[in-house]
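The sequence shown begins at 1 in the UniProt record's numbering and counts up by one.
We put the beta carbon where it would ideally sit given N, CA and C, even for glycine.
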Amino acid sequence: MSVPSLLTFTFTLRERSAAIWRPWAQRTRQLSLSWGPLLWAAGKRSSFHLVELTEAELKEQFVRGDGPGGQATNKTSNCVVLKHVPSGIVVKCHQTRSVEKNRKIAREILQEKVDLFYKGEDSDVFKEIKASEKKKQEKKRRAKENLERKKHFKEMLQLEREQT
Numbered sequence: 001m002s003v004p005s006l007l008t009f010t011f012t013l014r015e016r017s018a019a020i021w022r023p024w025a026q027r028t029r030q031l032s033l034s035w036g037p038l039l040w041a042a043g044k045r046s047s048f049h050l051v052e053l054t055e056a057e058l059k060e061q062f063v064r065g066d067g068p069g070g071q072a073t074n075k076t077s078n079c080v081v082l083k084h085v086p087s088g089i090v091v092k093c094h095q096t097r098s099v100e101k102n103r104k105i106a107r108e109i110l111q112e113k114v115d116l117f118y119k120g121e122d123s124d125v126f127k128e129i130k131a132s133e134k135k136k137q138e139k140k141r142r143a144k145e146n147l148e149r150k151k152h153f154k155e156m157l158q159l160e161r162e163q164t
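Quick look at the structure:
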């Protein structure tokens, strides 16, 4: 597959998946999730009941990856582009040098995205992301309170020094 046809292919996939995704995102209104947690957490969620994917629903391609790596990256086609045909969701994975590991990671990420796409707010993935966001906000709140206490303590010490 030549580079121009690959770019056309990925642009077409992006258009189709965005057209499917937009109505659902507009219905939920409060969906402001990045896919970052899905990328690092792939493979760590064995306890979730995710939507099962069949190989017949998937289209897989191996393309050259991008990013750091120089000549080794430019010569090998170990980047996996995986598309779930019914939903139009596309995943591109180039996290390791191994094609097999990238295939496995891409399938896990795609499975989580498809589960989130079909189940929405009832998805275990969505609940986990919301819980981690809530935990992060709580941590920020505690850090802010701690900073305020330290500031107040310094002010009290300064007042005591001035009085003596």
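Locate the alpha helix (DSSP H) running through H152, then write down its first and last residues.
Reading the sequence shown from its first residue, position 152 is the one you call residue 152. Its alpha helix (DSSP H) spans residues 124 to 163.
Strictly by DSSP, which residues pair up with H84?
Locating residue 84 in the sequence shown gives position 84, where the first residue counts as 1. Per DSSP, L58, I89.
Which word fits N146, buried or exposed, when buried means at least 16 other C-beta atoms lie within 10 angstroms of its C-beta?
If you number the sequence shown from 1, residue 146 lands on position 146. Counting Cβ neighbours within 10 Å, N146 comes out exposed, since fewer than 16 surround it.
Residue from R64, E60, K127 whose Cα sits closest to the Cα of T76:
Looking up residue 76 in the sequence shown gives position 76. T76 has its Cα closest to that of R64, out of R64, E60, K127.
I need the boundaries of the alpha helix (DSSP H) containing T73, first residue and last residue.
Here residue 73 corresponds to residue number 73 of the sequence shown, with the count starting at 1. 71 to 75 is the span of the alpha helix (DSSP H), which, as asked, contains T73.
Look at the Cβ atom of L58, then the Cβ atom of D115, and state whether they are nearer than 8 Å.
What you label residue 58 is simply residue 58 of the sequence shown in a count that begins at 1. What you label residue 115 is simply residue 115 of the sequence shown in a count that begins at 1. No.
Against chain C, does A143 count as a neighbour if the rule is that its beta carbon must be under 8 Å from one of theirs?
This model lacks chain C altogether, as it is built from one protein chain only.
Where does V114 sit, in a helix, a strand or coil, going by DSSP?
Indexing the sequence shown from 1 puts residue 114 at position 114. V114 falls in the helix class under three-state DSSP.
Check whether the Cβ atoms of K113 and I89 sit closer than 8 Å, and answer yes or no.
Translated into positions along the sequence shown, residue 113 becomes position 113. Translated into positions along the sequence shown, residue 89 becomes position 89. In this structure, I89 lies closer than 8 Å to K113 by Cβ.
What does the alpha-carbon distance come out to for the pair R141 and I129?
Counting from one through the sequence shown, the residue named residue 141 turns up at place 141. Counting from one through the sequence shown, the residue named residue 129 turns up at place 129. Cα-Cα distance, rounded: 18 Å.
For V51, three-class secondary structure by DSSP
Indexing the sequence shown from 1 puts residue 51 at position 51. If DSSP states are grouped into helix, strand and coil, V51 belongs with coil.
Is it true that the CB of V81 sits closer than 8 Å to the CB of Q95?
Counting from one through the sequence shown, the residue named residue 95 turns up at place 95. Counting from one through the sequence shown, the residue named residue 81 turns up at place 81. Contact flag unset, no.
Distance check for K92 and E121, CA to CA, integer angstroms please.
Locating residue 121 in the sequence shown gives position 121, where the first residue counts as 1. Locating residue 92 in the sequence shown gives position 92, where the first residue counts as 1. E121 and K92: Cα-Cα distance of roughly 24 Å.
Cα-Cα separation, A56 to S87:
One-based indexing of the sequence shown puts residue 56 at position 56. One-based indexing of the sequence shown puts residue 87 at position 87. Each residue's alpha carbon lies about 13 Å from the other.
Are the beta-carbon atoms belonging to N74 and S98 less than 8 Å from one another?
Position 74 of the sequence shown holds residue 74. Position 98 of the sequence shown holds residue 98. Going by C-beta atoms, N74 is not nearer than 8 Å to S98.
Please report the distance separating the alpha-carbon of E108 from that of Q71.
Within the sequence shown, numbered from 1, the residue matching residue 108 stands at position 108. Within the sequence shown, numbered from 1, the residue matching residue 71 stands at position 71. Rounded to whole angstroms, E108 to Q71 spans 28 Å at the Cα level.
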